[in-house]
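Structure record follows, encoded as structure tokens.
Residue numbers (our numbering), protein chains in the order written: chain A, 1488 to 1897; chain B, 5 to 341.
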């Protein structure tokens, strides 16, 4: 055997860094409508290609085409557009509130609005999401009150979580939104457990697990896939591939080959890749996966191909690690613009109505913000009590905590 | 009253709990068909079916993580980690998730799980079949930590743990599974059938969490122990002739401080015994609490007898394990003898 020379260590790098010209020409984007829609009881081995392609419905001219189109009414699409616009406006206002010192921290969804907003509409009442910190669209699309979200962000006296949690770590059992944890990927396996419980209980409810591209490298991603596959748990395993994990490009988690969807194939889990900026495609795929789960056919892995257009968080500056204009070059565009153009093409929407809706939504968000701020912000006005800090850890406060609460003088 | 081993008592606790409440599910590695490597779940799958008692993949984080999801749904999972030494992959799920779910969601979601794990040494288990990681749990706010020392308590505490609305770490001293053990490894072991605490009532009963038991009333010195060390302390008291009051803590958190303080105030002396390594072990917490609460009653420094600050060795088992000789010496020294 020939001498291979010294070993060399390989560290993947994104193709472009700050100062460079964004280039996604090497990202293959299949034509809208080109990926077949299998039956939900498909043999996973026969749909391997779906893990390497991208399911898309909206084409360049805003038409809905192909086998994944035609599931939503105009009214539903208009509602979807409004949800996404609301989330974007909410984000902008809360990002500004963070800059104004009204809260310590915020995380935006810019560019990813379609993923959670459209997914939510494929679920039934009682289903449970196990979200990350970047799926507030699930709450918005389910009609969770924005004021309550803001109260949580402000950690004020009306904060449902009593000031114990970092901003955006919402929780709402009622809205099928599991308590968010700062520890990445932990909820992925918990979602599978919830789904197993539903099956054990002969229930009809399903679970949805959420994870980002970077966190798929965590062990609990593997745990979740093993358990979901072993027990055929009624769960939809969502991977939101927004290309970035803080400053780390997705190639660091992906290993430079394959796709995130392809990870599911080794577990015998049908795995689909979908255009995450296409509201119709996200909804259609989510519905397919949810129906599979509800029909006792087991888990589905779905990779949403999207782009994190904003900073990772209010503590992050992406210009330090990627070109400032990279999001403009993203080939799958902007989810709001694409749905808007589709609705205009359908003749049920117009630029004027869009501008009017933007103004209305801004008014609604500002009104919610005013109401939330009347309950206080992080550093001003009403706040949760010190007593709240000690309570709710156990069902019944143990003696040592009672002593500490007394020491704290509350 | 029927006599049972600790294994049988633990199995009976799960049997009773599963029979009373169909939300109780039991799973872990080798727990289903085979009935567990220690036989603790034997016949449960046959009796309650595969959806109530089943085998899990070898993935501790997956076992605990899925149990948390089930608990959030409304079930009451009682899961097994085959050895406490192998809980570390699940530590993230236990400390960051199970322990905090109620708190961080303000009660929106809760986590009534029990995580059983065989613990402790004295069985030539070497480095990864002998550990006593209780301090890694008592340091975590939101968890409860239980260590039974006999079949009667094991059953009652386990039923109480399963019924408890909060996550409970249930550490089972595997050295005590078949009979009490006082550290005299050169003598024949007595089975539970010959011990009064091997008497385990049929049916449902509980031993409340957070309540210690005085195993040997005494007036000269207080010994704080749990698990296997309860019997080692009893042997040491007998062999030194010291009238020690031996307290079996049973629950480490919440801790029965009242029983501890009352005893030390009476005796004026305290020796703490555990198998786990000394530095930052649970004994340090006990020592600090005794000092804070009983300072003016203490007639000698609080002493600790513990495993050495090394990984648990194999060949040097009995040099490592805090046996009756070491405990006896600590008793004598604390008495000023």
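Every residue, glycine too, gets a C-beta built ideally from N, C-alpha and C. Fair warning: this is a prediction, and the values are worked out from it, not measured in the lab.
Can you tell me whether DSSP reads residue i as helix, strand or coil?
{"i": "residue 304/B", "result": "coil"}
{"i": "residue 10/B", "result": "helix"}
{"i": "residue 1627/A", "result": "helix"}
{"i": "residue 210/B", "result": "coil"}
{"i": "residue 1661/A", "result": "coil"}
{"i": "residue 298/B", "result": "helix"}
{"i": "residue 1555/A", "result": "coil"}
{"i": "residue 1609/A", "result": "coil"}
{"i": "residue 228/B", "result": "strand"}
{"i": "residue 120/B", "result": "strand"}
{"i": "residue 1510/A", "result": "coil"}
{"i": "residue 106/B", "result": "helix"}
{"i": "residue 1594/A", "result": "coil"}
{"i": "residue 177/B", "result": "strand"}
{"i": "residue 1791/A", "result": "strand"}
{"i": "residue 168/B", "result": "coil"}
{"i": "residue 91/B", "result": "coil"}
{"i": "residue 144/B", "result": "coil"}
{"i": "residue 1615/A", "result": "strand"}
{"i": "residue 1828/A", "result": "helix"}
{"i": "residue 150/B", "result": "strand"}
{"i": "residue 1758/A", "result": "strand"}
{"i": "residue 128/B", "result": "coil"}
{"i": "residue 1494/A", "result": "coil"}
Quick test of your reading: residue i and residue j, contact by CB under 8 Å. State the CB separation rounded to the nearest angstrom.
{"i": "residue 1676/A", "j": "residue 1720/A", "result": "The pair is not a contact, with the Cβ atoms about 10 Å apart (cut-off 8 Å)."}
{"i": "residue 18/B", "j": "residue 29/B", "result": "Contact doesn't hold; Cβ gap of about 10 Å is too wide."}
{"i": "residue 79/B", "j": "residue 1684/A", "result": "5 Å"}
{"i": "residue 1596/A", "j": "residue 1579/A", "result": "Actually they do not touch by this definition, with Cβ atoms about 11 Å apart."}
{"i": "residue 1662/A", "j": "residue 1610/A", "result": "Going by Cβ atoms, the distance from residue 1662/A to residue 1610/A rounds to 10 Å, so no, they are not a contact pair."}
{"i": "residue 1866/A", "j": "residue 1588/A", "result": "6 Å"}
{"i": "residue 1571/A", "j": "residue 1600/A", "result": "4 Å"}
{"i": "residue 1620/A", "j": "residue 1594/A", "result": "5 Å"}
{"i": "residue 1475/A", "j": "residue 1762/A", "result": "Nothing about residue 1475/A can be read from this structure; chain A reaches only from 1488 to 1897."}
{"i": "residue 1739/A", "j": "residue 1499/A", "result": "6 Å"}
{"i": "residue 125/B", "j": "residue 179/B", "result": "7 Å"}
{"i": "residue 1715/A", "j": "residue 1786/A", "result": "4 Å"}
{"i": "residue 261/B", "j": "residue 293/B", "result": "6 Å"}
By alpha-carbon positions, which one of the options ends up nearest to residue i?
{"i": "residue 1518/A", "options": "1754/A, 1679/A and 1552/A", "result": "1552/A"}
{"i": "residue 1565/A", "options": "1862/A, 1895/A, 1732/A and 1844/A", "result": "1844/A"}
{"i": "residue 250/B", "options": "206/B, 188/B, 332/B and 11/B", "result": "332/B"}
{"i": "residue 1529/A", "options": "1603/A, 1855/A, 1574/A and 1778/A", "result": "1778/A"}
{"i": "residue 10/B", "options": "317/B, 269/B, 167/B and 162/B", "result": "162/B"}
{"i": "residue 1707/A", "options": "227/B, 159/B, 328/B and 69/B", "result": "69/B"}
{"i": "residue 1615/A", "options": "1648/A, 1682/A and 1669/A", "result": "1682/A"}
{"i": "residue 1733/A", "options": "1700/A, 1715/A and 1718/A", "result": "1700/A"}
{"i": "residue 1434/A", "options": "1636/A, 1689/A, 1686/A and 1643/A", "result": "Nothing about residue 1434/A can be read from this structure; chain A reaches only from 1488 to 1897."}
{"i": "residue 1858/A", "options": "1628/A, 1547/A, 1639/A and 1591/A", "result": "1639/A"}
{"i": "residue 54/B", "options": "1874/A, 1582/A, 1718/A and 1586/A", "result": "1718/A"}
{"i": "residue 208/B", "options": "159/B, 202/B and 177/B", "result": "159/B"}
{"i": "residue 215/B", "options": "151/B, 190/B, 205/B and 155/B", "result": "151/B"}
{"i": "residue 1851/A", "options": "1575/A, 1536/A and 1543/A", "result": "1575/A"}
{"i": "residue 14/B", "options": "64/B, 153/B and 65/B", "result": "153/B"}
{"i": "residue 1705/A", "options": "47/B, 62/B, 66/B and 51/B", "result": "66/B"}
Which chain E residues sit within Cβ distance under 8 Å of residue i?
{"i": "residue 212/B", "result": "No chain E is part of this structure, whose protein chains are labelled A and B."}
Chain B contacts made by the segment 1498–1522 of chain A, where a contact means CB separation under 9 Å: none
At a CB distance below 7 Å, what residues from the segment 66–77 of chain B approach chain A? Give them in sequence order. 66, 69, 70, 71, 72, 73, 74, 76 and 77
Give, in chain order, every residue of the segment 12–45 of chain B whose Cβ lies closer than 7 Å to some Cβ of chain A. 29
The segment 259–277 of chain B contacting the segment 286–306 of chain B, beta-carbon criterion three pairs below 8 Å: yes
With contact counted as at least three CB pairs below 8 Å, one residue from each stretch, are the segment 282–295 of chain B and the segment 319–330 of chain B in contact? no
Taking contact to mean 3 or more Cβ pairs, one atom from each stretch, closer than 8 Å, check whether the segment 1684–1694 of chain A and the segment 88–103 of chain B are in contact. no
Please list, in chain order, the residues of the segment 1675–1694 of chain A that have any C-beta partner in chain B closer than 9 Å. 1675, 1676, 1677, 1678, 1679, 1680, 1681, 1682, 1683, 1684, 1685, 1686, 1687, 1688, 1689, 1690, 1692 and 1694
Using a Cβ-Cβ cut-off of less than 7 Å, list which residues of the segment 1708–1720 of chain A approach chain B; keep chain order. 1710, 1713, 1714 and 1717
Could you tell me whether the segment 227–247 of chain B touches the segment 180–192 of chain B, using the rule of 3 or more Cβ pairs below 8 Å? yes
Interface residues of the segment 178–193 of chain B facing chain A [CB-CB below 7 Å]: none
Is the segment 195–212 of chain B touching the segment 238–245 of chain B, taking contact as three or more C-beta pairs under 8 Å? no
Name the residues in the segment 1643–1655 of chain A whose C-beta lies less than 7 Å from a C-beta of chain B; which are they? 1647, 1648, 1649, 1651 and 1652
Quick check: the segment 305–312 of chain B against the segment 163–170 of chain B, are there 3 or more CB pairs under 8 Å? no
Could you tell me whether the segment 1745–1754 of chain A touches the segment 1529–1546 of chain A, using the rule of 3 or more Cβ pairs below 8 Å? yes
Specify whether the segment 136–155 of chain B and the segment 252–268 of chain B touch according to this definition: at least 3 beta carbon pairs, one from each stretch, less than 8 Å apart. yes
According to a CB-to-CB cut-off of less than 9 Å, which residues of the segment 1567–1584 of chain A neighbour chain B? none
For the 8 Å Cβ check, are there 3 or more pairs between the segment 1501–1511 of chain A and the segment 1537–1552 of chain A? no
Under 7 Å (Cβ pairs) to chain B, residues found in the segment 1867–1879 of chain A: 1879
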